[in-house]
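Structure, as structure tokens:
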Amino acid sequence: MTQRYWLMKSEPEEASIDDLASAKHQTLAWTGVRNYQARNFMRDEMHEGDGVLFYHSSCAVPGIAGLATVASTPYPDPTQFDPKSPYFDPKSTPESPRWLLVDVKLDRKTRLVPLTEMRQMAELDGMQVLARGNRLSITPVSPKHWKFITQHLVEA
DNA sequence: GCCAACGTTGGC
DNA sequence: GCCAACGTTGGC
């Protein structure tokens, strides 16, 4: 199985790179995804060891905040069964869970690479997160884009 | 706070 | 199965 690469958006008010850094084993379950495309990536296409660009969204300076790896096989998102959770899904059952997730483990915090900076890089043309109207919270990243970001952008 | 883009829902 | 209405995302 060849390694793949992903960009995963998180609102820092909910789960920031520092939350990931201070989590047990520097690992967080990627709870709260309620979009089928994003779920399908976690359920069907992500594998342990895949590279993850940890991205801060819906904040003052959106951008890449760290590097991480996929750290589990898919399993049911526990928040879907919790009536007190904002992610509760009354139509989902433990026998047939609708929402699956993976764990994400911090590799390292990086400088914040702003979305505006990424947009200026010709090397990143075609990157899905830069596409007009993109809202998907998990998007694939090509090896070429991953290489450019990790080798040239992430260091100051 | 605005609004473009896109996903979901539900009437028919 | 179509599609209008509505809700959400997320940059700006």
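Following the UniProt record's numbering, the numbering of the first sequence begins with 1 at its first residue and continues without gaps.
The beta-carbon is built from N, C-alpha and C at its ideal position, and this holds for glycine as well.
Under the three-state reduction of DSSP, R34 is assigned to coil, being neither helix nor strand. With a beta-carbon spacing of about 6 Å, L124 and H145 fall inside the 8 Å limit used to define contacts. Your pair E48 and A71 checks out as a contact, with CB atoms roughly 6 Å apart and the cut at 8 Å. When DSSP reads this structure, W6 sits in a beta bridge with V52, P140.
The three-state secondary structure of D77, taken from DSSP, is coil.
The three-state secondary structure of R119, taken from DSSP, is helix. In the three-state reduction of the DSSP assignment, S96 falls in the strand class, which pools E and B. In the three-state reduction of the DSSP assignment, D89 falls in the coil class.
In terms of Cα proximity to D77, the closest of T2, W6, T31 is T31. Between S57 and E95, the gap from beta carbon to beta carbon reaches 8 Å or more. Close CB contacts of L100 within its chain, under the 8 Å cut and outside five residues either way in sequence, are with R39, M42, R43, P74, Y75, P76, D77 (chain order).
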